[in-house]
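Protein chains in written order, with the numbering used here: chain X, 1 to 154; chain P, 1 to 154.
Heads up, the thing below is written out as structure tokens.
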DNA sequence: GGCTATAGTTCTAAAATGGAACTGTCAAAC
DNA sequence: GTTTGACAGTTCCATTTTAGAACTATAGCC
């Protein structure tokens with residue numbers, strides 16, 4: 001597999017995997033959603049090597065998920081902020097958190113609770129159909145080849 | 001980072017990442033949701049090395065995401081089927097597909113279209129609040145430390 | 001016996017990662 | 001005006017993972 005062209009495969013999952021499909025990137029994104037923005041902060045909270053952190057941040061900037069913004073002119077210092085494209089990764093992160101809550105929990109209960117500011121309640125994220133609003137299940141979905149692919153699949 | 005104990009971290013995202021947080025595993029799961037079940041079928045559609053495929057399938061079985069079921073007694077042959085725990089990964093996969101459709105598309109259009117059997121329409125997956133049903137956005141969510149973690153975060 | 005199909009395992013070279021030390025810039029403290 | 005410390009990286013080398021290909025094993029079919 002040529003990972004460097006995975007983002008050009010005729011498959012939206014592959015393209016997403018090309019960007020966020022590794023362990024460190026997902027953990028870095030978690031920190032971003034918890035409002036972490038600076039190199040040292042990522043490094044100390046994740047215990048990631050500085051080299052890899054530098055690589056991953058560059059990659060996320062390159063793909064337009066983070067924006068590198070100066071917060072100090074002299075010395076030059078930057079912080080990493082989620083773009084709209086990055087913020088749109090939220091459902092992926094939340095889906096993973098919810099699966100972990102459901103299937104990987106221990107006797108101590110959930111590590112984090114999420115409160116919806118709009119309605120004020122503690123909630124779980126639920127994936128629904130954009131058309132009818134019903135909860136989605138794999139077995140109720142039929143897959144067709146779209147215009148971006150010739151042959152039929154699945 | 002000790003990746004072998006990532007599934008015991010007091011963070012549901014980490015625990016999920018421990019299981020599905022690598023490129024091959026996510027691609028293998030895509031194939032599972034497209035009804036692929038056999039070793040040779042995974043291998044030829046993904047072009048993954050047989051060694052890694054073997055490793056990843058074992059890991060998915062160990063975590064209870066796939067079940068290894070004999071479909072032939074002599075010679076012993078097995079196929080890999082998603083358990084309920086595995087089927088519950090569907091929102092993660094769909095969230096990734098949707099993000100790819102939205103942000104990584106090219107001029108040819110979507111590779112795949114999804115039809116909801118329940119309502120009959122082509123749809124997008126949308127993540128909503130389990131309590132009020134509103135669409136979720138990162139900025140409308142407040143995070144609290146839960147019982148599974150002592151100190152407050154974010 | 002020879003051929004094919006399936007599901008792996010083994011081997012070696014190449015690539016990625018971990019861990020630690022090093023670089024460079026500037027502000028504030030002494 | 002020299003030292004200390006914070007920050008944002010880069011460099012180096014040992015270890016671990018992965019890629020790619022060949023090999024093993026079982027059994028059905030001709």
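Backbone N, C-alpha and C fix where the C-beta goes; we use that ideal spot for every residue, glycine too.
Are the CB atoms of residue i and residue j nearer to each other than 8 Å?
| i | j | result |
| --- | --- | --- |
| residue 14 (chain P) | residue 27 (chain X) | yes |
| residue 12 (chain X) | residue 1 (chain P) | no |
| residue 144 (chain X) | residue 34 (chain P) | no |
| residue 16 (chain P) | residue 127 (chain X) | no |
| residue 140 (chain X) | residue 118 (chain P) | yes |
| residue 136 (chain X) | residue 90 (chain P) | yes |
| residue 19 (chain X) | residue 4 (chain X) | no |
| residue 85 (chain X) | residue 100 (chain X) | no |
| residue 66 (chain X) | residue 81 (chain X) | yes |
| residue 111 (chain P) | residue 77 (chain X) | no |
| residue 37 (chain P) | residue 79 (chain P) | yes |
When the Cα of residue i is compared with those of the options, which residue comes out closest?
| i | options | result |
| --- | --- | --- |
| residue 116 (chain P) | X:133, X:82 and X:98 | X:133 |
| residue 53 (chain X) | X:75, X:35 and X:22 | X:22 |
| residue 130 (chain P) | X:94, X:20 and X:111 | X:94 |
| residue 70 (chain P) | P:143, P:39 and P:56 | P:39 |
| residue 108 (chain P) | X:121, X:147 and X:42 | X:147 |
| residue 48 (chain X) | X:64, X:25, X:7 and X:59 | X:25 |
| residue 87 (chain P) | P:32, P:6 and P:9 | P:32 |
| residue 122 (chain X) | P:111, P:125 and P:142 | P:142 |
| residue 92 (chain P) | X:62, X:106, X:125 and X:75 | X:125 |
What are the partner residues of residue i, as DSSP defines its beta bridges?
| i | result |
| --- | --- |
| residue 78 (chain P) | P:70 |
| residue 129 (chain X) | P:125 |
| residue 145 (chain X) | P:112 |
Would you please verify whether the beta carbon of residue i is less than 8 Å from any beta carbon of chain X?
| i | result |
| --- | --- |
| residue 80 (chain P) | no |
| residue 74 (chain P) | no |
| residue 16 (chain P) | yes |
| residue 118 (chain P) | yes |
| residue 48 (chain P) | yes |
| residue 134 (chain P) | yes |
| residue 41 (chain P) | no |
| residue 61 (chain P) | no |
| residue 154 (chain P) | For residue 154 (chain P), the pLDDT reaches just 37, beneath the cut-off of 50, and the residue's location in the model is therefore unreliable, although a value from the coordinates is still provided. So, interface residue. |
If you measure from the beta carbon of residue i to each beta carbon in chain P, is any gap under 8 Å?
| i | result |
| --- | --- |
| residue 144 (chain X) | yes |
| residue 102 (chain X) | yes |
| residue 4 (chain X) | no |
| residue 69 (chain X) | no |
| residue 51 (chain X) | no |
Is residue i near the ligand ADP, in the sense that its beta carbon is under 7 Å from a heavy atom of that ligand?
| i | result |
| --- | --- |
| residue 142 (chain X) | This structure does not include the ligand ADP; it has no bound ligands of any sort. |
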